[in-house]
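Colleague:
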Amino acid sequence: MTSETVSMTASTSAPETAPVSAWERFCFASLRLVLYAMARCLTLPGLYRFGQLFGTLEWMINYRRRRRFAKTVRGLMGDALTDRQIRAAGRKQSMRVRCDKIIYLIFDLLPPEKTIHRWELKNREVLDESLARGKGVYLSLSHHGTQQITGLMLALLGYKVAGVRDSREGAVRRYIQSMYERCYPELEKVRMIYSGAFPRDIYRCFQNNFILGSSLDVHRERDARLKHVDVTFFGQSRRFLVGPVQIALRCQATILQVFLTAERDFRYRAEILGPLTDRPDEPETPELLQTIVQRYADNIESFLRRHPEEISRI
């Protein structure tokens with residue numbers, strides 16, 4: 009949640025959204041039942057192999073998607089990758105997306121003991137030391153990779169989590185969120201702030217020592233009031249959001265970055281990077297804001313150069 013979210017459920021600051029229709033609920037429930045039955049019969053590794061096969065077939069059939077992926081990679085990286093490497097990355101990306109959607113749909117149906125050990129949080133000590141300051145953590149995500157379950161992972165590991173997301177989400181996302189809420193009492197404590205809401209809710213999250221996450225690498229302007237800075241991303245000028253960083257600096261919250269990558273058999277590894285500032289109490293200046301967001305962009309660029317299959321915006 010891809011989405012601008014660090015969590016999988018909403019609790020506060022929620023605008024009115026269209027309800028999930030009865031037909032949509034029936035379709036989603038039927039699909040979940042089929043996938044869960046397959047997980048019981050094939051085991052999770054077997055279901056993962058099925059997802060890989062399905063994703064490979066999609067990649068072979070959907071030539072338009074293959075061309076879009078190749079065009080996106082060439083637009084970002086130029087000639088850094090050969091045609092063969094791009095094809096391999098595109099196939100991996102298709103398999104990852106399909107497997108991510110499968111586990112997303114049935115995660116709440118699986119016994120916790122079969123899922124919690126599939127998560128690895130690297131550099132967790134950096135996150136814990138930052139929270140020990142008592143001023144909160146701003147965790148910057150991106151729209152690349154498997155980011156939609158980052159908040160779920162952190163919430164189930166016992167952290168106080170909040171997130172910023174787009175209010176115009178699809179029916180499947182809203183339906184699955186409601187299922188997660190029923191299954192995991194921990195998620196009732198998760199706070200959700202919709203983009204465009206008043207920033208006072210973000211201030212409160214930092215004051216209450218929450219981990220608040222959002223993505224800064226937006227691709228469309230949702231609100232003219234949102235502040236941006238221009239950064240260099242793959243040698244091109246791009247506009248990234250800066251508002252959450254400003255609030256984090258004013259609250260003296262630690263600014264970190266996280267990347268979540270998918271591995272075999274529905275295993276996921278989250279890596280914490282940062283802090284993105286030299287000192288958490290640095291005063292806000294235009295130069296500092298530019299430096300932080302540029303570091304954020306540089307980290308995404310480095311991540312995608314190592315893992316081109318994690319490119320999601322095509």
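Counted from 1, the sequence shown has number 220 at position 212 by the working numbering; the numbering is strictly sequential. The beta carbon of each residue, even a glycine, is placed where N, CA and C say it ideally should be. Please read these numbers as outputs of a predicted model, since none were measured by experiment.
Could you have a look at Ile201 and say whether DSSP puts it in helix, strand or coil?
Modeller: Residue state, collapsed to three classes: strand.
Colleague: Please report the Cβ distance between Phe242 and Glu309, rounded to the nearest whole angstrom; I am assuming they are in contact, meaning their Cβ atoms lie under 8 Å.
Modeller: Correct: roughly 6 Å between the Cβ atoms.
Colleague: Assuming Thr262 and Ser138 make a contact with CB atoms under 8 Å, what is their CB distance in whole Å?
Modeller: Contact holds; Cβ gap of about 4 Å.
Colleague: Please state the DSSP three-state secondary structure of Leu43.
Modeller: Reduced to three states, the DSSP call for Leu43 is helix.
Colleague: Go to Ala96, then tell me how far its alpha helix (DSSP H) extends in each direction, as first and last residue.
Modeller: From DSSP, the alpha helix (DSSP H) with Ala96 extends over Asp91 to Ile114.
Colleague: How about Gln298 and Val237: are their beta carbons less than 8 Å apart?
Modeller: Going by C-beta atoms, Gln298 is nearer than 8 Å to Val237.
Colleague: Let's test the definition: count the other Cβ atoms within 10 Å of the Cβ of Val42 and tell me whether it reaches 16, buried, or not, exposed.
Modeller: By the 10 Å Cβ count, Val42 comes out exposed.
Colleague: When the Cα atoms are used, what is the spatial distance from Gly251 to Ile124?
Modeller: Using only the alpha carbons, I get a separation of about 33 Å.
Colleague: Looking at Gln265 and Leu284, is the spacing between their C-beta atoms short of 8 Å?
Modeller: In contact: Leu284 and Gln265 (Cβ atoms closer than 8 Å).
Colleague: Output the distance between the C-alpha atoms of Val172 and Tyr202, rounded to the nearest integer angstrom.
Modeller: Distance between the alpha carbons of Val172 and Tyr202: 5 Å.
Colleague: Can you tell me whether Arg130 is helix, strand or coil according to DSSP?
Modeller: According to the sequence shown, residue 130 is Lys rather than Arg. Strand at Lys130.
Colleague: By alpha-carbon positions, which one of Asp273, Phe77 and Ala256 ends up nearest to Gly54?
Modeller: For the residues Asp273, Phe77 and Ala256, the minimum Cα distance to Gly54 belongs to Asp273.
Colleague: Within 8 Å, do at least three Cβ pairs link the region 124-133 to the region 73-82?
Modeller: No: the two stretches stay apart, fewer than three of their Cβ pairs being nearer than 8 Å.
Colleague: How about Ser102 and Gly63: do their beta carbons lie closer than 8 Å?
Modeller: Yes.
Colleague: Hey, how far is the Cα of Met16 from the Cα of Gln185?
Modeller: Annotation note: pLDDT 35 at Met16 (below 50); position unreliable, coordinate value reported separately. Computed Cα separation, rounded: 6 Å.
Colleague: My output table needs one value for Gly83: the three-state DSSP class, helix, strand or coil.
Modeller: Note: Gly83 maps to helix in three-state DSSP.
Colleague: Is there contact between the region 138-156 and the region 90-100, where contact requires at least three CB pairs shorter than 8 Å?
Modeller: Judged by Cβ distances under 8 Å, the region 138-156 makes no contact with the region 90-100, as fewer than three pairs qualify.
Colleague: CA-CA distance, Leu39 and Gln260?
Modeller: In a straight line, the C-alpha of Leu39 is about 45 Å away from that of Gln260.
Colleague: Let's test the definition: count the other Cβ atoms within 10 Å of the Cβ of Gln155 and tell me whether it reaches 16, buried, or not, exposed.
Modeller: So Gln155 ends up on the buried side.
Colleague: Can you tell me whether Leu3 is buried or exposed? The criterion is at least 16 other CB atoms within 10 Å of its CB, across all chains shown.
Modeller: Nothing in the structure corresponds to residue 3, since the chain is present only between 9 and 322.
Colleague: Pro120: which of Arg314, Met161, Gly178 and Glu177 sits nearest, CA to CA?
Modeller: Comparing Cα positions, the closest option is Met161.
Colleague: Just to confirm my understanding: we take His315, look at its own chain, exclude 5 residues before and 5 after, and list those with CB closer than 8 Å. What are they?
Modeller: If we look at His315 and ignore the five residues flanking it on each side, its Cβ neighbours are Gly153 and Thr269.
Colleague: Going by the DSSP bridge assignment, what does Ser222 pair with across the sheet?
Modeller: Answer by DSSP bridge pairing, in chain order: Ser148.
Colleague: Using only alpha-carbon positions, find the residue among Tyr211, Ile114, Ser223 and Arg212 that is nearest to Gly159.
Modeller: Checking every option, the nearest Cα to that of Gly159 belongs to Ser223.
Colleague: Distance, Cα to Cα, Ala30 vs Met46?
Modeller: So the alpha carbons of these two residues sit roughly 24 Å apart.
Colleague: For Ser148, is the classification buried or exposed, using 16 other Cβ atoms within 10 angstroms of its Cβ as the cut-off for buried?
Modeller: Buried.
Colleague: Please list the terminal residues of the continuous alpha helix (DSSP H) segment that includes Arg173.
Modeller: It is not in any alpha helix (DSSP H) - Arg173 instead sits in the beta strand (DSSP E) that spans Val169 to Arg173.
Colleague: Is DSSP giving Glu309 helix, strand or coil here?
Modeller: Of the three classes helix, strand and coil, the one that applies to Glu309 here is helix, per DSSP.
Colleague: Assign Arg106 to buried or exposed, taking buried as 16 or more other Cβ atoms, counted over all protein chains shown, within 10 Å of its Cβ.
Modeller: Per the 10 Å Cβ criterion, buried.
Colleague: Given that a residue counts as buried once 16 or more other Cβ atoms are within 10 Å of its Cβ, and exposed if not, what is Leu65?
Modeller: Looking at its Cβ environment, which holds fewer than 16 other Cβ atoms inside 10 Å, Leu65 is exposed.
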